[in-house]
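Chains as they are written, first to last, in this note's numbering: chain A, 559 to 763; chain B, 173 to 484; chain C, 488 to 543.
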């Protein structure tokens, strides 16, 4: 049943046509993949996302108890450790995923935006991690803040992003950046689903 | 041999793929791995430094810094934008970015770090010294404070210098009062609550702390966190740090960045340029061809190439 | 307050080569990245024979 021409001008219909209707359900949640997807290198994207989810889970537990909890609670310290080691795993898996995608020239076939969103996610992750290090409320965070401020001040953004303002760093780290990073990652994954996994170089069929 | 159009939907052979199962397995693997790592290795937590702990651990360094704040000769005092106009800030060639943005977090080290906190004590003797300081002109204030800072630095371990000729004016009294205030913990409180009684912004005490000549940088040096020790990528103790910042750290170890007064803006600009290049690899000549020229992909897709050869 | 099986709460013995100085912890992470990349490429992938030729 097609929409009447009156409906087609509706904002809802326009948004639906520009988004949902561009995908088959099988594109978003497929049950097959091209036969050339046959290497362990392909698991590093999903491993990166898994580490990101663990960061959100451990981060939410830290959020529930406040930023100074981990200094005085054994359980809190363990959750902080979980958060820190997931940061290490997150970057480890992301870097291996990035290397794989570079050597596969995964931007081919109009997949430039997939590469671009991936790179932006990488840089956004670095900045998110940085704000995390700023809110440790210990010596390391004091040193990082007082050093990093020089870099920001030198390029003129130190007045707007004040590394010495722990409250600002905290709010940016637990709300602004996870949301921004989440949006970028979702866009990245949707692009992968939409364009499909890039076929091999010099492939022919 | 017709080249496959990589932009078209794949119509070739496929294999079964359980996406949700893969994602679930990945999550369980990462959860177990990180729980194991956290249990085995924990995480670092070096206790924060306060003005109190600093003044108690390194009294001479504290009073030299305090006197320097009055003289405006500390790092903060001479910083320039965004804190004050004592300098122009760093520049990229002729472009003075920081100066253009201007003073947005005004800090007067003498008033903000010394005079105002001392004023909260409501101590008559200290108030007399404050009044004498405020009544003097800037040149006199600078003369007193600079001379006292020099004398303290020369004496190296002294926390006070006798002033028989009134060479230093009220400065010795102000510095001694501030030292006592710091030791008691009251200075931490006064500086953090100066703008708001329930603070979350630690700009003032952190700037003061960072002005430390030897104590605070010494603590960082002992943990390999200094700029010339690849400190940007390091963590306290023996934990792994931020190895992904290796390239950013690298520039600070080499000239011209190492010995430049504009090191930060040079490194940030260079990293900005390289990051942009990284994002644009798909359209940059030569770079986007590297994966085709250095055929690591032949290992990744070896199963597929083998099956292609079999079928052809 | 650090509770763990292995105590990393001591100054690291940094490894210096020329002007490069790296902590053992960071070196392990970097080496792991190369090792994982190498293994990902080298290890055979348990492939199911493709059961469909083409997809309409």
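Think of the CB as a built atom: it goes at the ideal place given N, C-alpha and C, for glycine as much as any other residue. These numbers come from a predicted model, not from an experiment.
Burial of residue 669/A is indicated by the presence of at least 16 other C-beta atoms within 10 angstroms of its C-beta.
Beta-bridge pairing by DSSP links residue 187/B to 591/A. Residue 504/C: not part of any alpha helix (DSSP H); member of the beta strand (DSSP E) spanning 502–504, first to last residue. Annotated as proximal: residue 206/B and residue 644/A, with beta-carbon spacing under 7 Å.
Of all residues in the segment 383–399 of chain B, only 394, 395, 396 come within less than 8 Å of chain C when Cβ atoms are compared, listed by chain position. DSSP places residue 331/B outside both helix and strand once states are collapsed to three, so it counts as coil. At a cut-off of 7 Å, the C-beta of residue 755/A has no neighbouring C-beta in chain C.
Here the alpha carbon of residue 303/B sits roughly 12 Å from the alpha carbon of residue 283/B.
With contacts defined by Cβ atoms closer than 7 Å, residue 732/A and residue 621/A form a contacting pair. Listed in chain order, the non-local C-beta contacts of residue 502/C below 8 Å within the same chain comprise 508, 509, 510, 511, 514, local neighbours out to five positions each way being set aside. Counted as a single uninterrupted DSSP element, the stretch harbouring residue 756/A is not any beta strand (DSSP E), since DSSP gives it neither H nor E.
Where residue 607/A is concerned, there is no enclosing beta strand (DSSP E), although the alpha helix (DSSP H) around it starts and stops at 602–623. Residue-level contact by beta carbon holds for residue 440/B and chain A, with a gap shorter than 7 Å. Assigned with DSSP and collapsed to three states, residue 743/A falls in helix. Not flagged as an interface residue toward chain B: residue 519/C, since no C-beta distance is shorter than 7 Å.
A check of alpha carbon separations from residue 214/B across 617/A, 572/A, 592/A, 635/A identifies 635/A as the nearest. Here the C-alpha atom of residue 586/A lies approximately 10 Å from the C-alpha atom of residue 749/A. Residue 661/A is not a Cβ neighbour of residue 460/B, given a cutoff of 7 Å. If you check the CB distance, residue 714/A and residue 270/B come in under 7 Å. Across the structure, residue 647/A and residue 362/B are spaced so that their CA atoms are roughly 41 Å apart. Taking a cut-off of 8 Å on C-beta distances, the segment 255–273 of chain B does not touch the segment 317–336 of chain B, as fewer than three cross pairs fall below it. Residue-level contact by beta carbon fails for residue 524/C and chain B, as no gap is shorter than 7 Å. Distance between residue 465/B and residue 658/A, taken at the CA atoms: about 15 Å. Per the Cβ contact rule, the segment 242–262 of chain B is in contact with the segment 308–321 of chain B (3 or more Cβ pairs under 8 Å). Annotation: Cβ neighbours of residue 527/C in chain A (cutoff 8 Å, chain order): 597, 598, 599, 601, 602, 654, 658. Residue pairing for residue 507/C: DSSP places it in a beta bridge opposite 504/C. Not flagged as an interface residue toward chain B: residue 505/C, since no C-beta distance is shorter than 7 Å. Within the segment 306–334 of chain B, not one residue has a Cβ closer than 9 Å to any Cβ of chain A.
At a cut-off of 7 Å between beta-carbon atoms, residue 724/A makes contact with chain B. Counting only residues of its own chain and dropping the five nearest sequence neighbours on each side, residue 463/B has a CB closer than 8 Å to the CB of 469. In terms of beta-carbon proximity, residue 532/C lines the interface with chain A, with at least one pair separated by less than 7 Å. Of all residues in the segment 629–650 of chain A, those with a C-beta nearer than 7 Å to a C-beta of chain C are 632, 635, 646, 650, reading in chain order. Burial check for residue 428/B: the Cβ neighbour count within 10 Å stays below 16, so the residue is exposed. Chain C places no beta carbon closer than 7 Å to that of residue 199/B, leaving this residue out of the contacts. In the structure shown, the three-state DSSP call for residue 442/B is helix. Partner residues in the beta bridge of residue 267/B, as assigned by DSSP, are 264/B.
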